[in-house]
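Trainee: Numbering (this note's numbering), first residue to last: 409 to 572.
All C-beta atoms in this analysis are idealised placements derived from N, C-alpha and C, irrespective of residue type, glycine included.
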Amino acid sequence: QRCSRDDYERWRRALEAELQRLGVFADSTNETTRLDMLTVSRITDMRLSLLTHWSLVESLQATGYTASRMQTWSEKGRGNVKLMLATMRVDLNNAKAQYSVMEQKYKRDLPTLLQKHGPTFGLNLRSHAVEGFELRYKSDTRLTATDAVTILALALARPRSCDS
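(1) With H, G and I counted as helix, E and B as strand and the rest as coil, what does DSSP make of Asp-499?
(2) Going by the beta-carbon positions, is the gap between Ser-449 and Glu-539 smaller than 8 Å?
(3) DSSP three-state label for Leu-593, please.
(4) Using C-beta distances below 6 Å, list every residue in its chain close to Ser-436, excluding the 5 sequence neighbours before and after it, in chain order.
(5) Suppose the cutoff is 6 Å on Cβ atoms and the five residues either side in sequence are ignored; what does the same chain contact list for Leu-551 look like?
(6) Output the boundary residues of the beta strand (DSSP E) element that contains Arg-544.
(7) Would you list the one or two residues that DSSP bridges to Arg-450?
(8) Report the residue from Thr-471, Ser-482 and Lys-524 whose alpha carbon sits nearest the alpha carbon of Thr-495.
(9) In the DSSP assignment, the alpha helix (DSSP H) including Thr-474 goes from what residue to what residue?
(10) Provide the residue(s) that pair with Leu-491 in DSSP beta bridges, ordered along the chain.
(11) CB-CB under 7 Å to Asn-438, same chain, minus the five flanking residues each way: which ones, in chain order?
(12) Beta-carbon separation of Thr-558 and Leu-491 under 8 Å?
(13) In whole angstroms, give me the CA-to-CA distance for Ala-425 and Arg-418.
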């Protein structure tokens with residue numbers, strides 16, 4: 409999370425080239441219909457922590473960038489998340505549902521809505537989003553590069569027992 413955009417982009421292109429060489433990279437011309445296939449796709453990653461596994465509300469409240477900018481640890485900050493969602497015309501029930509079952513229209517429009525309305529709430533999500541990757545297995549398992557970094561960072565930060 410602490411590398412320059414140029415370094416990130418160079419590493420992303422190198423990884424993409426290697427994935428294409430291995431034959432697991434799915435681009436827009438090579439969408440697979442096999443359900444047992446493991447693929448990696450290019451995505452625009454909004455870098456909202458574990459968004460594909462949580463709800464939009466949970467992700468906005470827990471992502472370091474949005475939490476610090478909106479102060480979501482306070483009641484006022486959590487209220488600002490709800491106000492931003494209302495401003496974006498995202499139904500609160502959909503925003504509280506797990507992202508995988510959120511209505512398609514909200515998922516499709518989310519990057520544009522966050523970039524348009526985020527600045528009103530102190531968020532510059534245009535510079536926060538990056539080109540990234542998503543690992544897909546079968547039709548229901550997805551893991552973004554941001555998710556992997558978040559999970560690894562949490563695992564590495566976990567206190568270790570003194571028994572070993």
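Mentor: Let me spell this out:
(1) coil
(2) no
(3) In this structure the chain extends from 409 to 572, so residue 593 is not present and cannot be described.
(4) Caution applies to Ser-436, whose pLDDT of 47 falls short of 50 and renders its modelled position unreliable; the value that the coordinates give is listed next. The answer is none, since no qualifying residue turns up.
(5) Leu-543
(6) 538-545
(7) Phe-541
(8) Lys-524
(9) 472-478
(10) According to DSSP, which records beta bridges pairwise, Leu-491 is partnered with nothing at all.
(11) Low confidence applies to Asn-438: its pLDDT is 48, below 50, so where it sits in the model is not reliable enough to give any reading.
(12) no
(13) 11 Å
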